[in-house]
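S.K.: Structure incoming, see below.
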Amino acid sequence: MPSFAITPIVRQAIELRLEELEHTKQSFEQRYLLDAKQSEEPSVIRRIERLLEDIENLDPKFDKEDGIWTSETTKRCIEQARDGGIVTENKLLKLEKALLDKLSRFRNRMEVSCLHSRLMKEAIDEYTDTTVTKLLEDMAVEDDFEVIDDDREDALKDFERTCSQQTTVDSSSIDEYLSGLFAGEEDHLQAIRNGMRAYGSDLSNRNIEVDQETLKWIITDLIRSECISQERKETLINYLQSPDALLEVTAILNMRGYREWNYKNAELGLPVDTRKTIHGQHYVNVEVEIIDMLFLHCCAIRWATKLNECLRDYVNKSKAFQVAPLTRADADRRSFFFEKTSFMHPPPFGYTGFPCPPPPPPEPKKGCRRRKTRPRTMRLAPSVPPTPHVMHVPPPPLPDMLTDVETVRRDDYQQNFFMSRLPKHDGNVSKMTSSKDIQARLIKTLAVECEIRKAFDGKVNALTVDFDSLASTLPHCTIITVLRFLGVPEVFLSLFNRALKPKLSIKASNHEAARNITPESGVSFGYFMEIFFSEAVLFFLDLAIRKVTGSYMYRVHDDCYFVGTQVQTDHAEDVIVQFSKVMGLKWRSRSSADELSVGFLTIDLQTNSSHGTSIIVGIDDSKVALYAANAKLRLKSCSTVLEWVREWNDTVGTYAAHLFGPLANVFNEEHREMIKETYRRIHSIVLGGSDLTSCVAKMLKTSVSCEPEHGLQDLEPIIYLPQAYGGLGVKNPFVTISFASNANESAAVKIRDYLNTEAAYYIKASERYSNQMPFLNQQRIMTIFDNDLSRMIEALGSDVKTDVSIESLPFMAKAEMTKHRERAKLPCVTTDWSEPVKTPDLVHLYRDLLDEPVNDTEDIEMVEQETNRLSLTEDLKPWDELSQEDRWVLQLYNEECFERYGSLDIWWAKGIPVVVYSDLRGHRLDDDDEDHSKSA
3 MPSFAITPIV RQAIELRLEE LEHTKQSFEQ RYLLDAKQSE EPSVIRRIER
53 LLEDIENLDP KFDKEDGIWT SETTKRCIEQ ARDGGIVTEN KLLKLEKALL
103 DKLSRFRNRM EVSCLHSRLM KEAIDEYTDT TVTKLLEDMA VEDDFEVIDD
153 DREDALKDFE RTCSQQTTVD SSSIDEYLSG LFAGEEDHLQ AIRNGMRAYG
203 SDLSNRNIEV DQETLKWIIT DLIRSECISQ ERKETLINYL QSPDALLEVT
253 AILNMRGYRE WNYKNAELGL PVDTRKTIHG QHYVNVEVEI IDMLFLHCCA
303 IRWATKLNEC LRDYVNKSKA FQVAPLTRAD ADRRSFFFEK TSFMHPPPFG
353 YTGFPCPPPP PPEPKKGCRR RKTRPRTMRL APSVPPTPHV MHVPPPPLPD
403 MLTDVETVRR DDYQQNFFMS RLPKHDGNVS KMTSSKDIQA RLIKTLAVEC
453 EIRKAFDGKV NALTVDFDSL ASTLPHCTII TVLRFLGVPE VFLSLFNRAL
503 KPKLSIKASN HEAARNITPE SGVSFGYFME IFFSEAVLFF LDLAIRKVTG
553 SYMYRVHDDC YFVGTQVQTD HAEDVIVQFS KVMGLKWRSR SSADELSVGF
603 LTIDLQTNSS HGTSIIVGID DSKVALYAAN AKLRLKSCST VLEWVREWND
653 TVGTYAAHLF GPLANVFNEE HREMIKETYR RIHSIVLGGS DLTSCVAKML
703 KTSVSCEPEH GLQDLEPIIY LPQAYGGLGV KNPFVTISFA SNANESAAVK
753 IRDYLNTEAA YYIKASERYS NQMPFLNQQR IMTIFDNDLS RMIEALGSDV
803 KTDVSIESLP FMAKAEMTKH RERAKLPCVT TDWSEPVKTP DLVHLYRDLL
853 DEPVNDTEDI EMVEQETNRL SLTEDLKPWD ELSQEDRWVL QLYNEECFER
903 YGSLDIWWAK GIPVVVYSDL RGHRLDDDDE DHSKSA
């Protein structure tokens, strides 16, 4: 649907604009191209002069268009042809042809604009027809005839049974369970409560009011929801378009009191009905007045943002989320065996070390001019003949010594997964992360964790859990108890209780009387109240698993994923069982011992493959087939070209990283080839065996006023170029896939190299320890333990009580060295003055596997210059700010664009209501805005 309301006045203004465009194009063609062809004037000079005269009088702006021959240049050539015959007739004919070609290219740009205008008119007509049809359907519902819909009745009965079922939740048990999670952290719990209570006090005292920017954000978020009726969306869009309406609605929301608020006509019962998704499935909807809906949405967003802020502050300070340091005994033992001492053997003959850098030149005195001097050679040392066999030993590459894998894992979890559904402050408004982006990040993170566990533990243990219809089964008692525990004031607890438990009026059919019920559980899915309540409850599951297992549970809504050791996985499942019992939730395990599944991607956890330590990923063909069938159904239901293009880009055209996984280093080349084959299959199902270009060209056939001179290839730039450059912006996932770098080694090879480096490091460290002078151990004892016998025995064992026992102490076992590899870095090891030893760098490996390298396009200078020129003249983004996909498309079709349109800007944007056109295509509501202007 368009992201603005097409009122009769707006429609009339658009139609007048489009009619003017058609008239301008026809007038242009008649004035220049047709008259020039029909001219019987024999003199080429006179023909050129007439063209220039018309341009200067009728279209003076056209002479400012970029081109080789301007009016001033052409006039000079005519003058020289008359005076001295320097410019020949053949040259004049070439000038005339160049001028006509330039006019023709501009006409082609106007034709592309007319094509877009026809697509706009088609969409507007369809919007009007759909509105009228919807009105007639609503009127028909009021007739005495009734269509029996068993699915609808079943959905209503299930809803009534679920929400009216009495729960066995005990508030005191919940309080006791939650308090146990904060044992020893009472100060942190109190800080959370203080923050929530202070915020509630500010809201109650009206110290924080809704402004118009916040209201716009709330309305836009509601319009995106699939649970809002078309009629409601149109009303909300009307609010967005009217500054006066925004002002009044903002005033109404600020007038509402939290203590006395209740639903409008609450005593009569809120009407309950069902709606159908685009796949034909019924879902239950509670009809709420639009002002109440805005008020509750605004209230939920505010509290969700504050909750996110308080919980993030707790996570940053709590020891539970800090990386546990090594015990003193473990740290001392590693220092004893791996740290170097201050004593080393004398260097071998000829070792000179590294020369000192030259001193910097003295700063000139202020106000003095520096004298020019001849260059002189700075002598660093006395001139002596070079010593034979001089060795300059390069230093070993230093790993990242500032962090470890556990710290990287923690930072990644806090930044990308912790409370990821809750909004964050972004200036004066809230900002949310797309659930698709979260799931895409989750897929590659789980894959890396599985690779690490497979390499280090020899097997992968994973757990996948979700909650059975969490939104519709979440007990209201659980919600209120959790919010009270977090410190939400009673004023708002009472408000939330009224919001959760309105009287509902259910009418299964026209022949039955309405029944009134009061729900005991469930929250309307798709609204922010559901997000706020469910995340507040599930936070404590995240916290419990972290405290019990020392690892992290990754969530996308109520889909929970855990990867760890066998012991950690067992503990995580025990935590989920206990949590669900206390909170009154129903959970189900979706994992097996052999496979982990997210989106369409499956990860084989057990199979041993030719990849050595690497896991095997696959794609669930049954899910892909269902997805393709649904996409085909949705595309088939599109009634306009613009709607089809938007639906295509949303479902098939854009690479779905949240379904197939990002193109990261953790996945190998086979993963990319598998995705290509899957997309070929999807395209075959959706397009019925046709190719994308032919399919779109066929739809455009009725909108193209004349047959292109050169056939189908002339439509390709129009189909694929971004809208800002005059194209439809049809996307192709193969373009994104082609940019994924495949030059790097596979994940299996990288992990194998790391393990080899680790083995070599252990051998070298062991050799150094065995070959060192006997007194060095005693020196380490003094340096590390400061002659503290109890500390020394704790680290090295009870046998190290004499010098003899210390000298004969065996080196640390390899298993002991690698036990803490994920939370402690290994120090650099040198073996006297021999070659350097490469230190294992697990942080580098971990980050490298998560990385998504991209092959840069080979820039074409002319295309880059043209895009930068357009960024200055047409307010488009410069070359450096364009995406890889857009750069590729512009370079791919640059020859056709320059030849037919004289520019990469293939339309006459001034002839089109561009802002309205973008709104009509729904770009205003896009998370990833397709507008390529600087202000986008």
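Our numbering runs 2 ahead of the 1-based position in the sequence shown.
Each residue gets a CB set at the ideal place from its N, CA and C atoms; glycine is no exception.
These numbers were taken from a predicted model, which means no experiment stands behind them.
(1) If we ignore side chains and look at the alpha-carbon of each, how far apart do S175 and F487 end up?
(2) Determine the DSSP secondary structure at N463, reduced to helix, strand or coil.
(3) What number of angstroms, rounded off, separates the C-alpha of P327 from the C-alpha of A826?
(4) Does the distance from the C-beta atom of I221 to that of L238 stay below 8 Å?
(5) Excluding the five sequence neighbours on either side, which residues of its own chain have a C-beta within less than 7 Å of the C-beta of F30, listed in chain order?
(6) Starting from K509, follow the beta strand (DSSP E) in both directions and report where the run begins and ends.
(7) Of all the options S507, E537, D413, which has the alpha carbon lying nearest to the alpha carbon of V290?
(8) Going by Cα to Cα distance, which pick from F339, E451, H660, G586 is closest to F469?
(9) Using the rule of at least 16 other Cβ atoms within 10 Å of the residue's Cβ for burial, across every protein chain shown, is D850 buried or exposed?
(10) Buried or exposed: which applies to N207, given that a residue is buried once 16 or more other Cβ atoms fall within 10 Å of its Cβ?
(11) If you draw a straight line from the C-alpha of E675 to the C-alpha of D853, how long is it?
(12) Beta strand (DSSP E) containing R517: first to last residue?
(13) Using only CA atoms, which one of T785, G728, T680, V831 lies nearest to Y764?
(14) With respect to the beta strand (DSSP E) encompassing E597, which residues constitute its N-terminal and C-terminal limits?
(15) Give me the Cα-Cα distance between L545 and A125, rounded to the nearest whole angstrom.
(16) Across which residues does DSSP place W589 in a beta bridge pair?
(17) Find out if the Cβ-Cβ distance for the pair L485, L472 is shorter than 8 Å.
(18) Comparing alpha-carbon positions, which option in V688, L717, Q725 lies nearest S700?
(19) Kindly list the residues whose CB is nearer than 7 Å to the CB of K634, restricted to its own chain and excluding five residues on each side of it in sequence; keep chain order.
(20) Pull up the distance between the alpha-carbon of E91 and that of E43, whole angstroms please.
(21) How should L382 be labelled, buried or exposed, when 16 other C-beta atoms within 10 angstroms of its C-beta is the threshold for buried?
(22) Across which residues does DSSP place R557 in a beta bridge pair?
(23) Excluding the five sequence neighbours on either side, which residues of its own chain have a C-beta within less than 6 Å of the C-beta of V643, listed in chain order?
(24) Within this structure, are the beta carbons of I50 and R84 separated by less than 8 Å?
(25) Checking 8 Å against the spacing of the C-beta atoms, do D294 and K321 come in under that value?
(26) Can you list, in chain order, the stretches of the beta strand (DSSP E) that have 3 or more residues and sit fully within the segment 607-685?
(27) Three-state secondary structure (DSSP) at R486?
(28) Please determine if the segment 445-459 and the segment 330-340 are in contact, where contact requires at least 3 C-beta pairs separated by less than 8 Å.
(29) What do you reckon, are the CB atoms on T841 and Q893 nearer than 8 Å?
(30) Would you kindly report the start and end of the unbroken beta strand (DSSP E) that includes H427?
(31) For L661, which of Q441, L757, E74 has the nearest alpha-carbon?
(32) Closest to A726 by CA distance: which of S905, R548, R782, H190 is it?
(33) Among the residues of its own chain, which have a CB less than 8 Å from the CB of R823, if the five just before and after it don't count?
(34) Which residues in the same chain have their Cβ closer than 7 Å to the Cβ of V945, if we skip the five residues on either side of it in sequence?
(35) From K766 to D413, what does the alpha carbon distance come to, in whole angstroms?
(36) Just confirm the distance between the C-beta atoms of D560 and L540, as a whole number of angstroms; I'd bet it's less than 8 Å.
M.R.: The answer reads as follows:
(1) 12 Å
(2) strand
(3) 8 Å
(4) Yes, the pair counts as a contact, with Cβ atoms nearer than the cut-off.
(5) R109, M112
(6) Premise fails: K509 is in no beta strand (DSSP E) and is neither H nor E.
(7) That would be S507, whose Cα lies nearest to the Cα of V290.
(8) F469 has its Cα closest to that of G586, out of F339, E451, H660, G586.
(9) buried
(10) exposed
(11) 19 Å
(12) 517-519
(13) Closest by C-alpha distance to Y764, out of T785, G728, T680, V831, is V831.
(14) Boundaries of the beta strand (DSSP E) around E597: 597-600.
(15) Those two C-alpha atoms are separated by around 50 Å.
(16) W589 is bridged to F469.
(17) no
(18) Checking the displayed sequence, the identity of residue 700 turns out to be Lys instead of Ser. Ranking V688, L717, Q725 by Cα distance to K700 puts L717 first.
(19) I687, V688
(20) 15 Å
(21) Note on L382: pLDDT 35, under 50, position unreliable in the model; no value is reported.
(22) C562
(23) If we look at V643 and ignore the five residues flanking it on each side, its Cβ neighbours are L121, M701.
(24) no
(25) no
(26) For the segment 607-685, the full-length beta strand (DSSP E) segments reaching 3 residues or more read 618-621 along the chain.
(27) Judged by DSSP in its simplified three-state form, R486 adopts helix.
(28) no
(29) no
(30) 426-428
(31) Q441
(32) S905
(33) Excluding sequence positions up to five before and after R823, its CB lies within less than 8 Å of the CB of V407, F458, E760, P842, L844, all in the same chain and listed in chain order.
(34) The chain is shown from 3 up to 938; residue 945 falls before or after that span and cannot be answered.
(35) 33 Å
(36) 7 Å
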